[in-house]
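Engineer: Have a look at this one.
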Amino acid sequence: MKSLLPSRVFLTLAGVLTLALLTPVAAQPPKKTIKVGFAQTGAESAWRTANTVSMKSEAEKRGIDLKFSDAQGKQENQIRAVRSFITQGVDVIVIAPIVETGWDPVLREAKRAKIPVILTDRTIQTADESLFACFIGSDFYEEGRLAADWLAKFSGGKGNIVELQGTAGSAPANERRKAFGDAVAKYPGLKIIDSQSGDFRRSGGKEVMEAFIKKHGKAINIVYSHNDDMALGAVQAIEEAGLKPGKDITIVAIDAIKEAIEAVAAGKINCTVECSPLFGPKVYDTVAKLLAGQTVPKKAYNKDEVFDAKNAAAALPSRQY
Ligand code: GYE
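To convert, count from 1 in the sequence shown and add 59; that's the numbering used here.
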């Protein structure tokens with residue numbers, strides 16, 4: 060009687076175990092690799108390079124199969140890339156639209172194929188906002204306003220400004236131009252005497268600045284540049300003309316790439332308004348949410364800061380782009 064109880068317990072345990080082993084466990088489907096197609100604008104600036112690195116490295120970290128396309132600054136290349144992503148049957152399409160208009164037809168094709176589209180970095184103009192799932196990037200109007208407000212204080216509301224515009228028809232060029240113009244209009248002593256596109260490129264900024272110097276000479280007091288690369292090009296043009304950037308001519312720009320913050324710390328650029336390109340993590344978090352059927356905010360903006368002589372040097376060691 061004494062030994063009966065343990066052996067019964069043993070038998071019962073063995074029975075449970077056998078049962079557990081024989082019961083078919085629902086087979087786990089192999090984890091599907093998420094496929095994302097990213098139609099990037101090109102490689103026009105250091106900002107863009109940092110954005111590409113963020114998108115690629117974060118995809119790799121998360122085991123996402125990223126199909127990356129560099130449109131070399133041409134919208135038709137981007138549209139072609141989006142069409143090829145649709146044919147390849149990617150799960151989500153991400154676009155950094157070079158220009159604001161002309162997107163409806165290809166977005167309709169993506170919608171018909173039931174592939175959600177995330178717009179990053181730049182916005183588009185469309186009458187049908189259901190053609191994209193959401194936008195992730197910066198508020199370009201706010202950046203232009205911050206640049207103008209900083210300048211109004213620094214200059215005491217006086218000076219002749221030349222403007223280096225970004226890519227014609229792009230959301231950041233349109234918004235940064237409008238915001239700056241709106242804000243500067245409040246100061247009768249601040250005048251925009253010339254404005255031209257340098258296409259967000261360093262070489263473009265240098266060439267346009269050379270032409271401005273030839274045309275306006277010493278009448279130029281201030282450069283407002285839609286990005287840091289063009290501002291760094293303008294710095295070269297100003298130095299080559301025998302003038303001191305940051306002293307003879309005030310320079311205010313946007314992006315806050317490390318090289319520009321270094322130039323601010325060195326006194327060659329006076330201010331740069333941040334526009335973070337590091338939104339790979341945010342984009343792929345959103346991809347995951349969309350694929351899980353969750354709702355995401357239609358527009359999500361990054362928080363941006365202003366750097367000038369007061370905080371540039373201290374910011375340098377922790378700068379990530
Ligand atoms: O400011 C510029 C880049 O779209 C915000 O594009 C972006 C802009 C950025 O080439 O440097």
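Even for Gly, the Cβ is constructed at its ideal location relative to N, Cα and C.
Between T182 and E201, which are expected to be in contact by the criterion C-beta below 8 Å, what is the C-beta distance as a whole number of angstroms?
Structural biologist: In fact, because the Cβ distance is near 13 Å, the residues do not count as touching under 8 Å.
Engineer: One question on the structure: do F194 and E234 come within less than 7 Å of each other, judged by their Cβ atoms?
Structural biologist: Their beta carbons are not under 7 Å apart, which means F194 does not touch E234 by this criterion.
Engineer: Taking 6 Å as the cut-off, is the beta-carbon of N136 closer than that to any non-hydrogen atom of ligand 1?
Structural biologist: It does not: the Cβ of N136 is nowhere closer than 6 Å to a heavy atom of ligand 1.
Engineer: So, is the C-beta of R204 closer than 7 Å to a C-beta in chain C?
Structural biologist: Although the question refers to chain C, the structure presented lacks it and comprises just one protein chain.
Engineer: With hydrogens ignored, establish whether the beta-carbon of E266 is closer than 6 Å to any heavy atom of ligand 1.
Structural biologist: E266: no, Cβ never under 6 Å from ligand 1.
Engineer: To the nearest angstrom, report how far apart G326 and F239 are at their CA atoms.
Structural biologist: C-alpha separation (whole angstroms): 23 Å.
Engineer: Near E222, which residues of its chain fall below 6 Å by C-beta distance, leaving aside the five closest residues on each side in sequence?
Structural biologist: So the list reads I251, S254 and Y283, once near-sequence residues are dropped.
Engineer: Could you tell me the distance, in whole angstroms, from the CA atom of D129 to the CA atom of L302?
Structural biologist: Each residue's Cα considered, the two are about 37 Å apart.
Engineer: Secondary structure at S377, three-state DSSP: helix, strand or coil?
Structural biologist: Residue state, collapsed to three classes: helix.
Engineer: Jot down the residue ranges of each uninterrupted alpha helix (DSSP H) in the stretch 238-293, minimum 4 residues, whole runs only, in chain order.
Structural biologist: Listed in chain order, they are 261-275.
Engineer: What does DSSP give as the partner residue(s) for Q99 in the beta ladder?
Structural biologist: Per DSSP, D129.
Engineer: Alpha carbon to alpha carbon, how far is D187 from K120? Give it in angstroms, no decimals.
Structural biologist: Near 34 Å, if we compare the C-alpha coordinates of D187 and K120.
Engineer: Quick check on the DSSP output: the alpha helix (DSSP H) that includes G203 runs from which residue to which?
Structural biologist: That run of the alpha helix (DSSP H) goes F199 to S214.
Engineer: In the structure shown, what three-state DSSP assignment does N233 receive?
Structural biologist: Note: N233 maps to helix in three-state DSSP.
Engineer: Assess, as a yes-or-no matter, whether the stretch 336-343 is touched by the stretch 268-288 under the definition of 3 or more beta carbon pairs within less than 8 Å.
Structural biologist: Counting Cβ pairs under 8 Å, fewer than three are found: no touch.
Engineer: For P376, does the count of other Cβ atoms within 10 angstroms reach 16, so buried, or fall short, so exposed?
Structural biologist: It is exposed - the Cβ of P376 has fewer than 16 other Cβ atoms within 10 Å.
Engineer: P231: beta carbon under 6 Å from a heavy atom of ligand 1?
Structural biologist: It does: the Cβ of P231 is within 6 Å (strictly closer) of some heavy atom of ligand 1.
Engineer: Apart from the five residues on each side of it in sequence, which residues of its chain come closer than 7 Å, Cβ to Cβ, to A374?
Structural biologist: Hits under 7 Å: I320 and F366.
Engineer: Mind checking whether C334 and I313 have CB atoms under 7 Å apart?
Structural biologist: Contact flag set, yes.
Engineer: From V165 to D180, what distance separates their C-alpha atoms?
Structural biologist: If I take the Cα positions, the gap works out to 18 Å.
Engineer: To which residues of the same chain is Q379 closer than 7 Å at the C-beta, ignoring the five residues directly before and after it?
Structural biologist: Same-chain partners within the cutoff: L337.
Engineer: How big is the Cα-Cα spacing for L249 and D241?
Structural biologist: Using only the alpha carbons, I get a separation of about 12 Å.
Engineer: Taking all protein chains shown into account, do 16 or more other C-beta atoms lie within 10 angstroms of the C-beta of V116, making it buried, or fewer, making it exposed?
Structural biologist: With the sequence shown as reference, residue 116 is identified as Ser, and Val is not the correct amino acid for it. Per the 10 Å Cβ criterion, exposed.
Engineer: So, for M60: in the same chain, excluding its five sequence neighbours on each side, which residues have a beta-carbon less than 7 Å away from its beta-carbon?
Structural biologist: Interpretation of M60 is limited by its pLDDT of 45, a score under 50 that renders its predicted location unreliable; no figure is taken from the coordinates.
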